[in-house]
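The opening residue of the sequence shown carries number 1 in the numbering used here; numbering runs sequentially from there. C-beta atoms are modelled at their ideal positions from N, C-alpha and C, and glycine is treated no differently. Below is one structure, written out as structure tokens, with a few remarks after it.
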Amino acid sequence: MAETSYLPSLLALASAFLFALSIQVQNLGLGHADPRSGALVNIGATAAVYWLFAPFFVETIFWLTPAAALFALVGLFRPALSANLAVAGVKMMGPTLTSGLAATAPIFAAIFAVLLLDETLTWPLAMGTAGVVAGVAVSAFRPGGVSRAWPLWAILLPLGAAFFRAAGHPIIMIGLKELPEPYFAGLVSYTVSLLVASMAFRIQGRTFNKFSWGYSWFAVAGVLNGISIYSLNTALKFGQLLTVAPIVSCSPVFTIIMGYLVFKRETITWQTVATVLLVVSGVVLVVIQP
């Protein structure tokens, strides 16, 4: 029984780790390929790996269920819309404020969990979620302040990205209650995401000008992301959104640790220490709450 109760938390941690690893791997390709084209390759690789193993996990009847429509709905805005809002936020406000405001995703997830899924927000969960949000926000802080040369409405861009990232979770969970197939959820949502991203790519007049081996890193990142999403969906199948969402949001900590130990891109600062302490303590509170 104890093992089952901790399973969603472990799966959420695995998802956070794999997502952080996919970010680091994707970063290896940024110097050799166009980021927008690379993002399309990333989503395409995720969809492709799901279709590759679909014969082993998916039955024809799955497509005729209302759950399929819910999973497709998520694919319309995540990751395509949420990612584009985040990119627009970076362009207008810079990465610091965008990252800090986007860290509010667990707060939106908590609201959805209480309002849509009838979950109960306890004090340990609330404090743990606040710790994770604070830790991620600290990681985005830069000394000296940030001058505002952007319109006030621009804060809606990263907040919108956080909102749509979080909004996908309860919809997936509602679908999983009817059809408890996490693999199918990922297959449908990322197939729709690929169609949406491809249409946006064409509408923006973008093309793949030339082949670059940098795209292979985006493809590998897409495969890792696919496994991460499967872990996340499985965690949502067995656990509470109030527990899973803040743990998944701790991926920046894994990004920092891997950047320092493996990829040699990070340096240890007071922000790094504060981020790790806040996020780890927050996750511990979420996991051990009764």
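For this session: Report yes if the C-beta distance between P182 and T234 is below 7 Å; otherwise report no.
Result: Numbered from 1 along the sequence shown, position 182 holds the residue referred to as residue 182. Numbered from 1 along the sequence shown, position 234 holds the residue referred to as residue 234. Yes, these two residues count as a Cβ contact at 7 Å.
Exercise. What residue from L125, P124, H169, S251 has the CA that sits closest to L116's CA?
Worked result: Position 116 of the sequence shown, counting from 1, holds the residue named residue 116. For L116, the nearest C-alpha among the options comes from H169.
For this session: Could you check if K91 is buried or exposed, using at least 16 other CB atoms within 10 Å of its CB as the buried criterion?
Result: Within the sequence shown, numbered from 1, the residue matching residue 91 stands at position 91. Exposed is the call here.
Exercise. Is the beta carbon of I43 sitting closer than 7 Å to the one on L194?
Worked result: On the sequence shown, position 43 is the one that residue 43 refers to. On the sequence shown, position 194 is the one that residue 194 refers to. Against a cut-off of 7 Å, the Cβ pair of L194 and I43 comes out as a contact.
Problem set entry | Simplified DSSP state of W213, which is helix, strand or coil | Numbered from 1 along the sequence shown, position 213 holds the residue referred to as residue 213. W213 falls in the coil class under three-state DSSP.
Exercise. Would you say P158 and A110 are within 7 Å of each other, going by their C-beta atoms?
Worked result: Translated into positions along the sequence shown, residue 158 becomes position 158. Translated into positions along the sequence shown, residue 110 becomes position 110. For the pair P158 and A110, the CB atoms are not nearer than the 7 Å cut-off.
Exercise. Under 7 Å, do S249 and V114 count as touching if we go by C-beta distance?
Worked result: On the sequence shown, residue 249 is found 249 positions in, with the first residue counted as 1. On the sequence shown, residue 114 is found 114 positions in, with the first residue counted as 1. Contact: no.
For this session: Rounded to whole angstroms, what's the CA-CA distance from V244 to T272? Just pull it up for me.
Result: Counting from 1 along the sequence shown, the entry for residue 244 is found at position 244. Counting from 1 along the sequence shown, the entry for residue 272 is found at position 272. C-alpha separation (whole angstroms): 23 Å.
Exercise. For the candidate residues Q204, I268, A219, S82, whose alpha-carbon lies nearest to that of Q24?
Worked result: The residue labelled residue 24 in the question sits at position 24 within the sequence shown. For Q24, the nearest C-alpha among the options comes from A219.
Exercise. Is the beta carbon of L242 less than 7 Å from the beta carbon of L70?
Worked result: Stepping through the sequence shown from its first residue, residue 242 is reached at position 242. Stepping through the sequence shown from its first residue, residue 70 is reached at position 70. Result no, Cβ atoms of L242 and L70 do not sit closer than 7 Å.
Problem set entry | Status (buried if at least 16 other CB within 10 Å, exposed otherwise) for W123 | Counting from 1 along the sequence shown, the entry for residue 123 is found at position 123. Answer is exposed; the Cβ neighbour count stays below 16.
For this session: Just list the alpha helix (DSSP H) runs in the stretch 166 to 211, keeping only unbroken ones of 4 residues or longer that don't cross its boundaries, in chain order.
Result: 182 to 203
For this session: Give the secondary structure of V87 by DSSP, where H, G and I count as helix, E and B as strand, and everything else as coil.
Result: Start at 1 with the first residue of the sequence shown, and residue 87 comes out as number 87. If DSSP states are grouped into helix, strand and coil, V87 belongs with the helices.
For this session: Evaluate the contact criterion for the stretch 58 to 77 versus the stretch 206 to 216: three or more CB pairs, one atom per stretch, below 8 Å.
Result: no
For this session: Go ahead and label D34 buried or exposed: buried means 16 or more other beta carbons lie within 10 angstroms of its beta carbon, across all protein chains shown.
Result: Position 34 of the sequence shown, counted from the start, is the residue given in the question as residue 34. Classification of D34: buried, given that the 10 Å Cβ count is 16 or more.
For this session: Evaluate the contact criterion for the stretch 40 to 54 versus the stretch 255 to 262: three or more CB pairs, one atom per stretch, below 8 Å.
Result: The stretch 40 to 54 vs the stretch 255 to 262: no contact.
Exercise. Using CA coordinates, which residue listed in E59, H32, V74, W51 is at the minimum distance from V196?
Worked result: Along the sequence shown, read from residue 1 onward, the residue named residue 196 stands at position 196. The shortest CA-to-CA distance from V196 to any of E59, H32, V74, W51 is the one to V74.
Problem set entry | Inter-residue Cα distance where the pair is L277 and G160 | The residue you call residue 277 lines up with position 277 of the sequence shown. The residue you call residue 160 lines up with position 160 of the sequence shown. Distance between the alpha carbons of L277 and G160 is about 27 Å.
Exercise. CB-CB under 7 Å to F17, same chain, minus the five flanking residues each way: which ones, in chain order?
Worked result: Residue 17 sits at position 17 when you count from the first residue of the sequence shown. Cβ within range, chain order: F254.
For this session: Excluding the 5 residues preceding and the 5 following L176 in the sequence, name in chain order all residues of the same chain whose CB lies nearer than 8 Å to its CB.
Result: One-based indexing of the sequence shown puts residue 176 at position 176. Counting only Cβ-Cβ distances below 8 Å, and skipping sequence neighbours, we find A67, P182, A185, N233, L236, K237.
Exercise. Quick one: Cα of P79 to Cα of I227, how far?
Worked result: Indexing the sequence shown from 1 puts residue 79 at position 79. Indexing the sequence shown from 1 puts residue 227 at position 227. Distance between the alpha carbons of P79 and I227: 15 Å.
Exercise. How big is the Cα-Cα spacing for L62 and T191?
Worked result: Taking the sequence shown and counting its residues from 1, one reaches residue 62 at position 62. Taking the sequence shown and counting its residues from 1, one reaches residue 191 at position 191. Just to set this straight, residue 62 is Phe in the shown sequence, not Leu. A direct Cα-to-Cα measurement between F62 and T191 gives close to 15 Å.
For this session: Compare the C-beta of W123 with all C-beta atoms of chain C and state if any pair is closer than 7 Å.
Result: Going by chain labels, chain C is absent from the structure shown, which holds only one protein chain.
For this session: Going by CA-CA distance only, name the one from P106, G135, S189, F163 that's closest to W51.
Result: Here residue 51 is taken as the residue at index 51 of the sequence shown, counted from 1. Closest option to W51, Cα to Cα, is S189.
Exercise. Under the three-state reduction of DSSP, which class applies to S15: helix, strand or coil?
Worked result: Here residue 15 is taken as the residue at index 15 of the sequence shown, counted from 1. In the structure shown, the three-state DSSP call for S15 is helix.
For this session: Could you tell me the distance, in whole angstroms, from the CA atom of A274 to the CA atom of R202?
Result: For the purposes of this step, residue 274 is identified with residue 274 of the sequence shown, where counting begins at 1. For the purposes of this step, residue 202 is identified with residue 202 of the sequence shown, where counting begins at 1. A direct Cα-to-Cα measurement between A274 and R202 gives close to 43 Å.
Problem set entry | W217 burial status per 10 Å Cβ neighbour count (16 or more: buried) | Position 217 of the sequence shown, counting from 1, holds the residue named residue 217. Under this definition W217 is a buried residue.
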